[in-house]
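From first to last, the protein sequence lines are chains A and B. The first sequence begins at 1 in the numbering used here and counts up one residue at a time. The second sequence begins at 354 in the numbering used here and counts up one residue at a time.
Protein chains: 2
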Amino acid sequence: MWNKTRLSTLFGVEYPIIQAPMAGGPTTPELVSEVSNEGGLGIIGAGYFTAEKLTSSIQEVKKRTNKPFGVNLFVVKEQFVSETDLRKSFESLGPFREKLKLPDELPEIKTSLGITELIDIVIHEEVPICSFTFGIPDKEIITRLKKHNIIVVGTATTVEEAKAVEEAGMDAVVAQGSEAGGHRATFIGHSNNGLIGTMALVPQVKDYVHIPVIASGGIMDGRGFAAASMLGAEGVQMGTAFLTTKESGANEFHKRAVLTSTEEQTVITTAFSGKAARGINNYFIHQLTGEGVLIAPYPIQNSLTKPIRSEAMKQGDTRFMSLWSGQGSRMSENTTVKELFGKLVSDINGLLN
Amino acid sequence: MWNKTRLSTLFGVEYPIIQAPMAGGPTTPELVSEVSNEGGLGIIGAGYFTAEKLTSSIQEVKKRTNKPFGVNLFVVKEQFVSETDLRKSFESLGPFREKLKLPDELPEIKTSLGITELIDIVIHEEVPICSFTFGIPDKEIITRLKKHNIIVVGTATTVEEAKAVEEAGMDAVVAQGSEAGGHRATFIGHSNNGLIGTMALVPQVKDYVHIPVIASGGIMDGRGFAAASMLGAEGVQMGTAFLTTKESGANEFHKRAVLTSTEEQTVITTAFSGKAARGINNYFIHQLTGEGVLIAPYPIQNSLTKPIRSEAMKQGDTRFMSLWSGQGSRMSENTTVKELFGKLVSDINGLLN
């Protein structure tokens, strides 16, 4: 049976199909719980959450499902920039504030993303699975989570990163191929080193680690699941496929942009957050790619662009929005999670039985 | 049976496994004939060949096999550069000539790669299959080849390119994912638009064309074949996997570099030829990536760097060689083609039967 992998046993799910933790809106309690109710694993993308927001989200999910689900957190070290550099990055964004009629004032700047308090909530709320992006949390955090029987999952974009995830004692590793939408999870070396396509990444990771490998990047349907399974993955993580579902909290203009885009339209950019991420190319990215623009490190740039992104969403102006998308966007559909799972399971059965 | 696809029937081969047309050395008559003898399709990478070289290569292959094989040609429009720009590109290479103790003189410059004469030879020698890279040949060429019952294959890096290949009347299309080593086949728009990972590219191409799709990029073993097959491909094209075989004519230092490299070490560069290609990062690429360097268009840059690449190969100095490699290099092995096929077929049987 294709769905009985070490990973589905570990997670306690019917299908080893994971909904990617798309931070910043898409992973509503409706989306997360519905994925879990359909037999997959829903994950709350809590990277930017406050403690209150995380608690309420978990409780909302629990109201809607009694199946396993997960929380994803970001591992981000504190960043420093000089006042001059911060000002320069802020000034680069002036024309966008002007176009959106936003006040020309410095927003609240986050130089790091706290994780300790969020971990406490994950433990207190007995969330079954906790995954991490952008790095490996301190040993002490992993030990605490495991002591509370919480499954710990890391994310890797290279073989070296996957080995580091395993060595840290995590239970499974997501191998994120270059096709994936949203942020690159790269944490060792330069992010461009991590642009390995899923077809090449998954079998090489599989050859070097013993923990279950979860394939991600470009997987949109039953064909992608079956292919990942042939490469040695014991599960898949899908983002873009869930982003356009009816339950997803992604902005409607974002959904429409993905649904109508082609595979050629995405680029890797640091313009929105300071970290490399894949999204549909637009005016904002184009303007910030030129010479003389200073992009602040993550998460400072993310704070700087936040008012612009929020206002652009309100106005439905996709020129200034972060339109995260993977390279499989021609295969995206605006269905319900139930319909998506129905098709997935039936297609995989057709291919793998 | 996994090996009975429309493609294997079309090509008349036992296994729909194609050896990629690695121009510039690797595709010796020994390699090509051995791949065909083992039941796959060997292809002579004739993009840079003279008429004489092509004739003798075809005849050498025919002496070694009575199985189908192919010839690959480049579709390249004539390029023009000003004397000043040519001089500037030439000067950028001065330090390399100096290090290799080469005379500081302008080599013979090819501004285009003739195709008509080579097509005549393909027809005269009754080569069963002719594939093309970098574009679509004139309608008249396709018509002539098909009139002589020669199967015509195109190469695409995007859905639009695949549609163009089908519309031109070609019989099959290679979908080249971003993992692939060597030159990007992109011919519509900018080559960076064509950096779609195999996992995302193959199913999307499949959804838009009716002719058989051949997956390439990151496919190194039975797992890759099986995955490609799940994505809807009717065959695979493998380059890096054949480059390191004993029969391959690749320089021994090039082979060793691939065999000992990791998936993170390749980059896309135009430094060697003027066209984007994936190879192991080295001193030459690094030096030509800086500011103020003028890289001539393909194939002019290729002519300019030729003496440097040739001398570097003689001296075994990998700092100045074009070390083409895909992203699956950790899976490369220095076996015979026979051993490679034995393992491939047995692994695919294990996965797909």
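All C-beta atoms, glycine included, are put in the ideal place defined by N, C-alpha and C. Note that this is a predicted model, so its numbers are computed, not measured.
Closer than 8 Å to the CB of A:Val159 there is at least one CB belonging to chain B. B:Leu697 does not reach chain A, its nearest Cβ partner there being about 13 Å away, counting only Cβ pairs nearer than 7 Å. In the DSSP annotation of this structure, B:Asn390 is not part of any beta strand (DSSP E); the continuous alpha helix (DSSP H) holding it starts and ends at Pro382 to Asn390. A:Ala241: member of the alpha helix (DSSP H) spanning Thr240 to Leu243, first to last residue. Residues of the region 358-369 of chain B with a C-beta less than 7 Å from any C-beta of chain A: none at all. A:Asn72: member of the beta strand (DSSP E) spanning Phe69 to Phe74, first to last residue. Residues of the region 151-180 of chain A with a C-beta atom less than 7 Å from some C-beta of chain B are Thr158, Val159, Gly177, Ser178 and Glu179, listed in chain order. Chain B has no Cβ within less than 8 Å of the Cβ of A:Met321.
Taken atom to atom, the span from the alpha-carbon of A:Ile285 to that of A:Ala271 is near 6 Å. Counting along the chain, no beta strand (DSSP E) covers A:Gln204; the unbroken alpha helix (DSSP H) around it starts and ends at Thr198 to Tyr208. Distance from the CA of A:Glu125 to the CA of A:His183, rounded to the nearest whole angstrom, comes to 27 Å. One thing to note: B:Tyr651 has its Cβ no nearer than 8 Å to the Cβ of B:Ser678. Contact check for A:Ser329 and A:Thr240: beta-carbon distance about 6 Å, within the 8 Å limit, so the pair qualifies.
Excluding the 5 residues flanking it on each side, A:Arg97 has same chain C-beta neighbours closer than 7 Å at Asp104 and Ile308, in chain order. Here the alpha carbon of B:Ile541 sits roughly 32 Å from the alpha carbon of B:Arg672.
Between A:Ile196 and A:Thr143, the gap from beta carbon to beta carbon reaches 8 Å or more. Residue nearest to B:Val620 within the set B:Thr403, B:Arg440 and B:Asn545 is B:Asn545 (criterion: CA-CA distance). For B:Gly645, there is no enclosing beta strand (DSSP E), since its DSSP letter is neither H nor E. Collapsing the DSSP output to three states places B:Ala404 in a helix.
Taken through DSSP and simplified to helix, strand or coil, A:Ser112 comes out as coil.
Across the region 325-350 of chain A, CB contacts with chain B closer than 8 Å involve Gly326, Gln327, Gly328, Arg330 and Met331, in sequence order along the chain. Under the 8 Å criterion on CB atoms, B:Glu605 is classed as non-interfacial with respect to chain A. DSSP places B:Phe485 in the strand class (E or B) of the three-state scheme. For B:Thr486, the nearest beta carbon of chain A is not closer than 8 Å to its own beta carbon. Under the DSSP definition of a beta bridge, B:Gly632 partners with B:Val620 and B:Trp677. Sequence-distant partners of B:Arg631 (beyond 5 residues in either direction) whose C-beta falls short of 6 Å from its own C-beta, in its chain, are Gly534, Thr619 and Ile621.
DSSP, reduced to helix, strand and coil, places A:Gln176 within a strand of the structure shown. For A:Gln19, the enclosing beta strand (DSSP E) covers residues Ile17 to Gln19. Neighbours of A:Met230 in chain B, taken as residues whose beta carbon is under 9 Å from its own, are Gly575, Arg576, Gly577, Phe578, Ala579, Ala580, Ala581, Ser582, Met583, Leu704 and Leu705 in chain order. Counting only the Cα atoms, A:Gly350 lies some 43 Å from A:Asp120. Closer than 8 Å to the CB of B:Glu587 there is not a single CB belonging to chain A. Under the DSSP assignment, A:Ala226 falls in the alpha helix (DSSP H) whose first and last residues are Gly222 to Met230.
With its beta carbon less than 8 Å from one in chain B, A:Glu263 belongs to the interface. From the listed residues B:Glu605, B:Ser601 and B:Leu439, the smallest Cα separation to B:Pro374 is found for B:Ser601.
C-alpha of A:Pro212 to C-alpha of A:Val205: approximately 10 Å in a straight line.
In summary, B:Asp560 is exposed, with fewer than 16 beta-carbon neighbours lying within 10 Å of its beta-carbon over all protein chains present.
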